[in-house]
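**Student:** Chains A and B are the protein sequences, given in the same order. When the letters of the first sequence are read in order and numbered with my numbering, they come out as residues 743 to 882. When the letters of the second sequence are read in order and numbered with my numbering, they come out as residues 3 to 136.
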Amino acid sequence: MDFLTSLEVSGSGLYAQRKRMDIIAGNLANIETTRTEGGGPYRRKMVLMSTKPSENFDRVLNAQVEGVQIDGVVEDKSPFQMVYNPSHPDADENGNLFKPNIDLIVEMTNMVMARRAFEANLSAIKSTRQMAIKALEIGR
Amino acid sequence: MPEKLSFDRTFRALEHAINVAHQRHNVISSNISNLDTPNKKGMDIDFKKAMVRALESEDAMSLSKTHSGHMGPKMDGAQQAEPFEDEGEWNGYNWINIDREMTKLIENNLQYRTATEVLLRKIAIMKEVIRGGR
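1. My guess is that A83/B and A52/B are in contact by the Cβ rule of under 8 Å, so how many angstroms apart are they, rounded?
2. Measuring straight from C-alpha to C-alpha, what distance separates I880/A and K129/B?
3. Taking S35/B and N863/A to be in contact with their CB atoms under 8 Å, please state how far apart those CB atoms are, rounded to whole angstroms.
4. I'd like the ranges of any alpha helix (DSSP H) spanning at least 4 consecutive residues and lying wholly in the segment 759-784 of chain A.
5. Could you tell me the boundaries of the beta strand (DSSP E) in which K42/B lies?
6. Chain A partners of H27/B, CB-CB under 9 Å?
7. For the segment 101-133 of chain B, enumerate the residues whose C-beta is nearer than 9 Å to any C-beta of chain A, in chain order.
8. For R857/A and I98/B, I'd like the C-alpha separation in whole angstroms.
9. Could you tell me the alpha carbon to alpha carbon distance between F860/A and G755/A, rounded to whole angstroms?
10. If you pair each beta-carbon of the segment 826-846 of chain A with each one of the segment 767-778 of chain A, do three or more pairs fall below 8 Å?
11. Should I138/B be flagged as near chain A, meaning a C-beta pair shorter than 7 Å?
12. Take R141/B and list the residues in its own chain whose beta-carbon comes closer than 6 Å to its own, dropping the five residues that flank it on each side.
13. Could you tell me if E58/B is buried or exposed, where buried requires 16 or more neighbouring beta carbons within 10 angstroms of its beta carbon?
14. Report yes or no: is there a C-beta of chain A within less than 7 Å of the C-beta of E17/B?
15. Report all residues from its chain with a CB closer than 6 Å to the CB of G79/B; omit the five preceding and five following residues, and keep chain order.
16. Rounded to whole angstroms, how far is the Cβ of S820/A from the Cβ of V807/A, which I believe are closer than 8 Å?
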């Protein structure tokens, strides 16, 4: 039992949320991208999160204390948005243009949620710090 | 630990309180870092139950002595509290809710600091006695 366990756990939370933020930023930047290396419009990306068992020595004792990790970045398989725009060079023969399956409102909501979760982890770290300082006062 | 020398039950109770609060802090931190893990259920430690358990196991360990020279069993302060699955509310993604976890975090933080503060004051009183009130 040490403060490093909770710091490690909260740190993994900070990292995961920051990574999630990177992916959201990428989605927002590519909201109008109609050409990608693999062909077709940009597909919305999402992060997958799962629990990460503590890497500490006493992980048997801390079996219930788990951090978080990013399992991977996956593409959203939902259909692309279709708009009629025959003047666009990427439009098909019927004049339909496929745009990325990104909903601005969804991305903004996710961004706020990522930020809140980041702040929550930060508060946990601050709390850990306060507790450690208080514990150090014993025996002063 | 010499039992007669002021290191009484209060000291041990405070030690357990700090220990349990620390373990609960780890568990709550873990919940907060898993805010976005799908289908995850939060864990929690019942502070009262863990305290009762710690104090009871301590009582069970103090053996009766038939001779003044008998030594007591080795006291192990680091009792492991048992976390349980927290009854959370389903938020459409998992069972961990940020508001609840933050409240628990602050509450537990206060409990930890209270226990530490009381311990500090007790030590201050002992220092006062050692100095002979000067």
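A virtual CB, placed ideally from N, CA and C, is assigned to each residue, including glycine.
**Tutor:** Looking at the coordinates:
1. On the second sequence, residue 83/B is found 81 positions in, with the first residue counted as 1. On the second sequence, residue 52/B is found 50 positions in, with the first residue counted as 1. That pair is a contact at about 4 Å.
2. What you label residue 880/A is simply residue 138 of the first sequence in a count that begins at 1. What you label residue 129/B is simply residue 127 of the second sequence in a count that begins at 1. Roughly 13 Å between the two C-alpha positions.
3. Within the second sequence, the letter at position 33 stands for residue 35/B. Within the first sequence, the letter at position 121 stands for residue 863/A. Confirmed, about 6 Å.
4. none
5. Counting from one through the second sequence, the residue named residue 42/B turns up at place 40. No beta strand (DSSP E) contains K42/B, which DSSP labels as neither H nor E.
6. Residue numbering aside, residue 27/B sits at position 25 when the second sequence is read from its first letter. Within 9 Å Cβ-Cβ: F745, S748, A866, S869, T870, M873.
7. E103, M104, L107, I108, N110, N111, Y114, R115, T118, E119, L121, L122, I125
8. The sequence position of residue 857/A within the first sequence is 115, counting from 1. The sequence position of residue 98/B within the second sequence is 96, counting from 1. Cα to Cα, R857/A sits roughly 16 Å from I98/B.
9. Stepping through the first sequence from its first residue, residue 860/A is reached at position 118. Stepping through the first sequence from its first residue, residue 755/A is reached at position 13. Straight-line Cα distance between these residues: approximately 7 Å.
10. yes
11. The requested residue 138/B does not occur in the structure, where chain B is confined to residues 3 to 136.
12. Outside the shown range of chain B, which is 3 to 136, sits residue 141/B, and nothing can be said about it.
13. Here the question's residue 58/B lines up with position 56 in the second sequence. The residue is exposed, with fewer than 16 neighbouring Cβ atoms inside 10 Å.
14. Mapped onto the second sequence, residue 17/B falls at position 15. So, not an interface residue.
15. Here residue 79/B refers to the residue found at position 77 when the second sequence is read from its first residue. For G79/B, the pLDDT reaches just 48, beneath the cut-off of 50, and the residue's location in the model is therefore unreliable, although a value from the coordinates is still provided. Excluding sequence neighbours, G79/B sits near E17.
16. Taking the first residue of the first sequence as 1, we reach residue 820/A at position 78. Taking the first residue of the first sequence as 1, we reach residue 807/A at position 65. The pair is not a contact, with the Cβ atoms about 36 Å apart (cut-off 8 Å).
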